[in-house]
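Student: Protein chains in written order, with our numbering: chain A, 1 to 121; chain B, 122 to 608.
We put the CB at the ideal spot given by N, CA and C, even for glycine.
This structure is a prediction, so every number in the text was calculated from the model and none was measured.
Submitted below is the structure of interest, expressed as structure tokens.
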């Protein structure tokens, strides 16, 4: 799946002012769950709406801090991209790489149909 | 002679060299104690008695032949179950990875094998290291050896309990926000979070990649220095591994600490701290003063935002890292017949536990468009402020002292239904992860119920030697690290 989540629009997003508590409703929880690929149960959806609201409310104290001239710090090290030589080196054999696959066939990972009726079955 | 289970790794190494004991005897003692007592402590999720004993016998044979042996020859060690061991289940204590057998060893595992250490077992943890008590393990909750009704802390609670119970003298855990120092404090052992990038993360199953560090547990500072010495060093397989020589921690351990200045920040002694914890830490500060250290008051004003910053930055990274669990390459796949996207969502729903889902949801939310600036970028800017606080502190002090946690070990179940109160137990440990600096927790006494209190010491990045020397100076002057729980 890769890191597909950053920057995706959460459709129910709306501005909240600092004064009122952050409220996430169940609709918004369902939309986030879809982005996160989690098939939450109705009970979880209800519970997460309340717990995530509570946690985000706590997080909102960050707004007290003046960060107007501050660069975001994404990492503790001042690293530039680290490259290696483009050389062929030994790596996992296909057999080892496939050893933990839930389903496989003929040296490939096996997945359900991506489009209706046109999958491998 | 002291019973084997009460000896440090350094003592056990010396015992083997002087032929007073053997690796086989040491490993047998470790396995017997696990067999006898781990039913109540529940530190281990898997133990390998046969392999451990055969490796120990081979160490003894090599010693008898006069071969040169590694720095940890014949020493039993436990590993948190998120550190990959080739062919040996590495589950992160999650249903998602229940039967996962890694096809390779983590770099630290290679280094331990090269040092002739004996890997006896894998230890319990909060699922994917999400938690502060091991209650989020998909398997069971580990108990604190000082009081079996209480948690050992977490997420590396199994490793902390294994060392505190005398099952092994050394263990590895991992840290993202205090997951080694906090349980070390709760269990009365030494736990060290190294400078970010000092120990390779290759083979550590990722949680928050800008924060994660594999981190040692030991019963005293000397052993922690010994184990870090084996684990530290550049690894080309981890692109965030620091490419610089590491110190000789053991050689520098007993160098004088004269004229060092220790900083005390009032922000770490405010509301929410148990009175006994405050008392023990203030007493520890007096010990340092009597040892000739200078004590200076400093301010770290942004430390109070640690938990808020963490629960944006760490969960954002976690939600990205956990995107790899898709039911295709490894891990749980639903048996329900569905299409591709549903297969992802249902497999993840079935495989992840409650806290993992909560963090994936929170991380996805703060990274989604519309919230990214308000939460994620804002948190990273406050993170920078936290680092600036420490940079300013290092202009006047050599190290910072504070409690490891605001409280001693809490009861099993006490905080399970309130995620935020659980998160707050890491408020004093998170700043070191956020800023990349090293921190150590060492025993500094007990509260009124007989539960251990941890003292945290932090130094600037790369100053592990200084950290060990300060901690060692305290340890030489006190005996808290020599006390044992009754099991």
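Check each residue of the stretch 83-112 of chain A: if its Cβ is closer than 8 Å to any Cβ of chain B, include it; give the result in chain order.
Tutor: The residues in question are 84, 92, 96, 97, 99, 100, 101, 102, 103, 109, 111, 112.
Student: With 16 as the cutoff for other CB atoms within 10 Å, does residue 120 of chain A come out buried or exposed?
Tutor: As a working note, residue 120 of chain A is residue 120 in the first chain. Low local confidence applies: a pLDDT of 49 at residue 120 of chain A is under 50, so the model's placement there is unreliable, and no value is given.
Student: Under DSSP, the beta strand (DSSP E) around residue 197 of chain B begins and ends at which residues?
Tutor: Position 76 of the second chain holds residue 197 of chain B. Note, residue 197 of chain B: beta strand (DSSP E), 197-201.
Student: With 8 Å set as the bound, which would you pick, yes or no: does the beta-carbon of residue 37 of chain A sit closer than that to a beta-carbon of chain B?
Tutor: Against the first chain, residue 37 of chain A aligns to sequence position 37. Yes, because at least one Cβ of chain B sits closer than 8 Å to the Cβ of residue 37 of chain A.
Student: Just the Cα atoms here: how many angstroms apart are residue 189 of chain B and residue 183 of chain B?
Tutor: Position 68 of the second chain holds residue 189 of chain B. Position 62 of the second chain holds residue 183 of chain B. Rounded to the nearest angstrom, the two C-alpha atoms are 8 Å apart.
Student: Residue 71 of chain A versus chain B: which residues are under 7 Å apart at the beta carbon?
Tutor: Stepping through the first chain from its first residue, residue 71 of chain A is reached at position 71. Under the 7 Å cutoff, chain B gives 505.
Student: For residue 10 of chain A, count neighbouring C-beta atoms within 10 Å of its own C-beta (all shown protein chains included) and say buried if the count is 16 or more, exposed if not.
Tutor: For the purposes of this step, residue 10 of chain A is identified with residue 10 of the first chain, where counting begins at 1. For residue 10 of chain A, the predicted model reports a pLDDT of 39, less than 50, meaning its position is unreliable; a value from the coordinates is still stated below. Buried: at least 16 other Cβ atoms inside 10 Å.
Student: Could you name the residues of the same chain whose beta carbon sits closer than 7 Å to that of residue 3 of chain A, not counting the 5 residues immediately before and after it, in chain order?
Tutor: Reading the first chain from its first residue, position 3 is the one you call residue 3 of chain A. Unreliable placement is indicated for residue 3 of chain A, whose pLDDT of 36 sits below 50; the coordinate value is still reported in the next sentence. Nothing meets the Cβ criterion.
Student: Mapping the DSSP letters down to three states, classify residue 540 of chain B as helix, strand or coil.
Tutor: Position 419 of the second chain holds residue 540 of chain B. Helix, per DSSP.
Student: Does residue 26 of chain A come within less than 8 Å of chain B when only Cβ atoms are used?
Tutor: Your numbering for residue 26 of chain A matches position 26 in the first chain. Output row for residue 26 of chain A: interface = no.
Student: By a C-beta neighbour count over all protein chains shown, 10 Å radius and 16 as the cutoff for buried, is residue 293 of chain B buried or exposed?
Tutor: Start at 1 with the first residue of the second chain, and residue 293 of chain B comes out as number 172. Result: buried.
Student: Indicate the three-state DSSP secondary structure (helix, strand or coil) for residue 304 of chain B in the structure shown.
Tutor: Against the second chain, residue 304 of chain B aligns to sequence position 183. Helix, per DSSP.
Student: Whole-angstrom Cβ separation of residue 504 of chain B and residue 434 of chain B, contact assumed at under 8 Å?
Tutor: Counted from its first residue, the second chain places residue 504 of chain B at position 383. Counted from its first residue, the second chain places residue 434 of chain B at position 313. Sure, about 6 Å apart at Cβ, within 8 Å.
Student: Under 8 Å between beta-carbons, which chain A residues line up against residue 481 of chain B? List them in chain order, please.
Tutor: Along the second chain, read from residue 1 onward, the residue named residue 481 of chain B stands at position 360. Per Cβ cutoff of 8 Å: 36, 38.
Student: Return the residues of the stretch 457-479 of chain B that lie within a Cβ-Cβ distance of less than 9 Å from chain A, sorted by chain order.
Tutor: Under the 9 Å Cβ criterion, the stretch 457-479 of chain B contributes 458, 459, 460, 461, 462, 463, 464, 465, 466, 467, 468, 469, 470, 471, 473, 475, 478, 479.
Student: Going along the chain, which residues of its own chain have a beta-carbon closer than 7 Å to the beta-carbon of residue 277 of chain B, five neighbours each way excluded?
Tutor: Here residue 277 of chain B is taken as the residue at index 156 of the second chain, counted from 1. These residues qualify, in order along the chain: 201, 246, 294, 295, 300, 301, 304.
Student: Is the shortest distance between the beta-carbon of residue 583 of chain B and the beta-carbons of chain A less than 8 Å?
Tutor: In the second chain, the residue the question calls residue 583 of chain B occupies position 462. Taking Cβ atoms only, chain A never reaches closer than 8 Å to residue 583 of chain B, which makes this a no.
Student: Out of B:404, B:598, B:454, B:342, which has the shortest C-alpha to C-alpha gap to residue 131 of chain B?
Tutor: Locating residue 131 of chain B in the second chain gives position 10, counting from the first residue. The shortest Cα separation from residue 131 of chain B among B:404, B:598, B:454, B:342 belongs to B:342.
Student: Taking residue 314 of chain B as part of the alpha helix (DSSP H), name the residues at either end of that continuous run.
Tutor: Position 193 of the second chain, counted from the start, is the residue given in the question as residue 314 of chain B. Residue 314 of chain B -> not in any alpha helix (DSSP H); beta strand (DSSP E) instead, spanning 311-314.
Student: Since residue 527 of chain B contacts residue 309 of chain B with CB under 8 Å, what's their CB separation in whole angstroms?
Tutor: In the second chain, the residue the question calls residue 527 of chain B occupies position 406. In the second chain, the residue the question calls residue 309 of chain B occupies position 188. Their Cβ separation, rounded to whole angstroms, is 17 Å, which puts residue 527 of chain B and residue 309 of chain B out of contact at 8 Å.
Student: For residue 1 of chain A and residue 92 of chain A, what's the separation of their Cα atoms in angstroms?
Tutor: For the purposes of this step, residue 1 of chain A is taken as residue 1 along the first chain, with counting starting at 1. For the purposes of this step, residue 92 of chain A is taken as residue 92 along the first chain, with counting starting at 1. Residue placement at residue 1 of chain A cannot be trusted, given a pLDDT of 37 that sits under 50; what the coordinates show is reported in the next sentence. Distance between the alpha carbons of residue 1 of chain A and residue 92 of chain A is about 21 Å.
Student: Considering residue 295 of chain B, what are the terminal residues of the beta strand (DSSP E) in which it resides?
Tutor: Locating residue 295 of chain B in the second chain gives position 174, where the first residue counts as 1. Start and end: 291-296.
Student: Under the three-state reduction of DSSP, which class applies to residue 547 of chain B: helix, strand or coil?
Tutor: The residue given as residue 547 of chain B occupies position 426 in the second chain. Helix, per DSSP.
Student: Considering residue 241 of chain B, what are the terminal residues of the beta strand (DSSP E) in which it resides?
Tutor: Numbered from its first residue, the second chain carries residue 241 of chain B at position 120. Unbroken beta strand (DSSP E) run through residue 241 of chain B: 239-244.
Student: Could you tell me whether the stretch 144-151 of chain B touches the stretch 172-182 of chain B, using the rule of 3 or more Cβ pairs below 8 Å?
Tutor: Flag = yes, the stretch 144-151 of chain B and the stretch 172-182 of chain B touch.
Student: Could you give the distance in angstroms between the alpha-carbon of residue 400 of chain B and the alpha-carbon of residue 250 of chain B?
Tutor: As a position in the second chain, residue 400 of chain B is number 279, starting the count at 1. As a position in the second chain, residue 250 of chain B is number 129, starting the count at 1. C-alpha separation (whole angstroms): 30 Å.
Student: Residue 356 of chain B to residue 363 of chain B, Cα distance in whole Å?
Tutor: For this step, residue 356 of chain B is matched to residue 235 along the second chain. For this step, residue 363 of chain B is matched to residue 242 along the second chain. If I take the Cα positions, the gap works out to 8 Å.
Student: Which residues in the same chain as residue 266 of chain B place their Cβ atom closer than 8 Å to its Cβ, once the five residues preceding and following it in sequence are excluded?
Tutor: Along the second chain, one-based indexing puts residue 266 of chain B at 145. Excluding residues within five positions, the ones whose Cβ falls inside 8 Å are 162, 273, 282, 285, 286, 308, 606, 608.
Student: Please confirm if the stretch 132-140 of chain B is in contact with the stretch 253-272 of chain B, defined as three or more CB-CB distances below 8 Å between the two stretches.
Tutor: Too few Cβ pairs lie closer than 8 Å, so no.
Student: Against chain A, with Cβ distances strictly below 8 Å, would residue 129 of chain B count as a contact?
Tutor: On the second chain, position 8 is the one that residue 129 of chain B refers to. Not one chain A Cβ lies under 8 Å of residue 129 of chain B.
Student: Quick one: what does DSSP say residue 268 of chain B is sitting in, helix, strand or coil?
Tutor: The residue you call residue 268 of chain B lines up with position 147 of the second chain. If DSSP states are grouped into helix, strand and coil, residue 268 of chain B belongs with the strands.
Student: What does the Cβ neighbour count give for residue 396 of chain B, buried or exposed, with the cut at 16 atoms within 10 Å?
Tutor: The residue labelled residue 396 of chain B in the question sits at position 275 within the second chain. With fewer than 16 Cβ atoms within 10 Å of its Cβ, residue 396 of chain B is classed as exposed.
Student: Indicate whether at least one CB of chain A lies closer than 8 Å to the CB of residue 588 of chain B.
Tutor: What you label residue 588 of chain B is simply residue 467 of the second chain in a count that begins at 1. Taking Cβ atoms only, chain A never reaches closer than 8 Å to residue 588 of chain B, which makes this a no.
Student: Check whether chain B comes within 8 Å of residue 44 of chain A, counting only Cβ atoms and requiring the distance to be less than that.
Tutor: Here residue 44 of chain A refers to the residue found at position 44 when the first chain is read from its first residue. For residue 44 of chain A, the answer is yes, since a Cβ of chain B falls inside 8 Å of its Cβ.
Student: To the nearest angstrom, how far is it from the Cα of residue 317 of chain B to the Cα of residue 76 of chain A?
Tutor: Numbered from 1 along the second chain, position 196 holds the residue referred to as residue 317 of chain B. Numbered from 1 along the first chain, position 76 holds the residue referred to as residue 76 of chain A. Taking the straight line joining both Cα atoms gives about 7 Å.
Student: Does the separation of the CB atoms of residue 440 of chain B and residue 480 of chain B fall below 8 Å?
Tutor: To locate residue 440 of chain B, count along the second chain from 1; it is residue 319. To locate residue 480 of chain B, count along the second chain from 1; it is residue 359. Result yes, Cβ atoms of residue 440 of chain B and residue 480 of chain B sit closer than 8 Å.
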